[in-house]
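Below: one structure, written as structure tokens.
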């Protein structure tokens, strides 16, 4: 697995190809994910917003996940929401659910627990100039780690172009940030992989609207660490 440079662009042609080729309900954006384990357990994302190449203070991307995959009609304490507004570190806010809505989650460090970089660039995914956002999250921090015995978090990713407000928010799944019941669900299982796949493990995300496959290091139960000799298969469904 190639560790991303997290500089807001495809630093090398192969930087994200080991995640497979994702598809999306919207042709306007896509995302990929993988894991690495240096000293900490790091989850990497790249989000590409193909139809936005303007620098607006109202632009944003958002990542929500349900650490316990227990859903809910409103955000619970195990739900986390990351907002990045206006293309600046000052626009980063991290929230935690409180049972009825969201409250700001403090105590997290830039560059230690989360890091985000972005640029307007082209990429192997799309030759037009567009916003590319790369981020990593330190899953060794209990605020971000999953609480299930297997890798089973809920997930929702969204982007918004303020210069094209008529298009509205683009999201996978196309549901509300405030209803974890309607987010995607990644359900993990553990099986040995063929010897040839020593690069890592295969994760498959699927739903009625999307099928995504990519390579990454599998998240094992909380009491264990990663191994490149196991595979995890995940199904994401609204």
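In the working numbering, the protein residues as written are 435 to 672.
For glycine and all other residues, C-beta sits at the position ideal for the given N, C-alpha and C.
Just curious, the beta strand (DSSP E) that residue i is in, first and last residue?
i	result
residue 518	513-519
residue 537	536-538
residue 529	526-531
residue 465	463-470
Starting from residue i, follow its DSSP beta bridges and name the residues at the other end.
i	result
residue 590	498
residue 572	476
residue 605	592
residue 551	568
residue 578	Answer by DSSP bridge pairing: none, since residue 578 is not bridged.
residue 619	588
residue 481	465 and 567
residue 544	548
Rounded to the nearest angstrom, what separates residue i and residue j at their Cα positions?
i	j	result
residue 498	residue 574	18 Å
residue 572	residue 605	23 Å
residue 611	residue 473	32 Å
residue 554	residue 437	21 Å
residue 557	residue 477	21 Å
residue 533	residue 512	10 Å
residue 540	residue 528	7 Å
residue 579	residue 588	12 Å
residue 405	residue 586	Lying outside 435 to 672, the shown extent of the chain, residue 405 is not represented and no answer is given.
residue 599	residue 502	33 Å
residue 445	residue 537	35 Å
residue 565	residue 530	27 Å
residue 509	residue 576	18 Å
residue 603	residue 593	6 Å
residue 695	residue 490	This structure leaves residue 695 out entirely; the chain is present only between 435 and 672.
residue 542	residue 562	35 Å
residue 452	residue 435	7 Å
residue 495	residue 619	20 Å
Between which residues of its own chain and residue i is the CB-CB distance below 6 Å, once the five residues before and five after are set aside?
i	result
residue 488	597
residue 480	450, 466 and 568
residue 591	465, 497 and 606
residue 570	440, 476, 478 and 549
residue 505	614 and 615
residue 516	497 and 528
If you drop the 5 nearest sequence neighbours on each side, which residues of the same chain put their C-beta closer than 7 Å to that of residue i?
i	result
residue 544	523
residue 616	607, 609, 610 and 672
residue 447	558
residue 507	613 and 615
residue 525	518 and 519
residue 500	512, 513, 587, 588, 614 and 617
residue 442	551, 552, 553, 566, 567 and 568
With a CB to CB cut of under 8 Å and the five nearest residues on each side skipped, what residues in its chain are close to residue i?
i	result
residue 601	462, 485 and 595
residue 560	482 and 484
Pull up the CB-CB distance for residue i and residue j, whole angstroms please, since I reckon it's below 8 Å.
i	j	result
residue 521	residue 493	6 Å
Tell me, please, whether the CB atom of residue i is closer than 7 Å to any CB atom in chain C?
i	result
residue 521	Among the protein chains of the structure shown there is no chain C, as only one such chain exists.
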